[in-house]
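Q: Pasting a structure here, questions to come.
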Amino acid sequence: MVRFAAALGMCLVAGAAAAQRASTTGMTCGQARSFLAARGAAVIGTGGYTYDRFVRDRSFCQPTEVTRTAFVPTRDTPQCFIGYRCIEPSLDDWFGDD
């Protein structure tokens, strides 16, 4: 019984930690950009239950991926340039185009 209670407690703590993701809607545009710049790459909420992985530059992507500019809603700006998303290029994607 003690082991079960300990396991249950660990699950609750892990669930609470996962639920505390940074959200761009609670930050100013400058704060969101600084947050990503300091970390290089981060999974950030963009409102409600939506989130994505954003990167500072291509060095945080897989070797086969390229970057696409990313704009997110923030507290003071509806379309804030935060950085980039990593994508697998298709035939329609060209390096440098966006």
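Residue numbering for the sequence shown is -19 to -1, 1 to 79, as defined by mature numbering (1 follows the signal peptide of the UniProt record, and there is no 0). The C-beta atom is built at its ideal place from N, Cα and C for all residues, glycine as well. In this text the structure is predicted, and so the values were computed from the model without any measurement.
Is it right to say Y30 is buried, meaning 16 or more other beta carbons lie within 10 angstroms of its own, or is it exposed?
A: exposed
Q: What residues in its chain sit with their C-beta under 8 Å from that of C61, if we drop five residues either side in the sequence?
A: T5, C10, A13, R14, F52, V53, P54, T55
Q: By how many angstroms is the C-alpha of R49 removed from the C-alpha of L17?
A: Answer to the nearest angstrom: the Cα atoms are 15 Å apart.
Q: Roughly how many angstroms separate the alpha carbons of Y32 and G7, rounded to a whole number?
A: 13 Å
Q: How big is the Cα-Cα spacing for R37 and I63?
A: 8 Å
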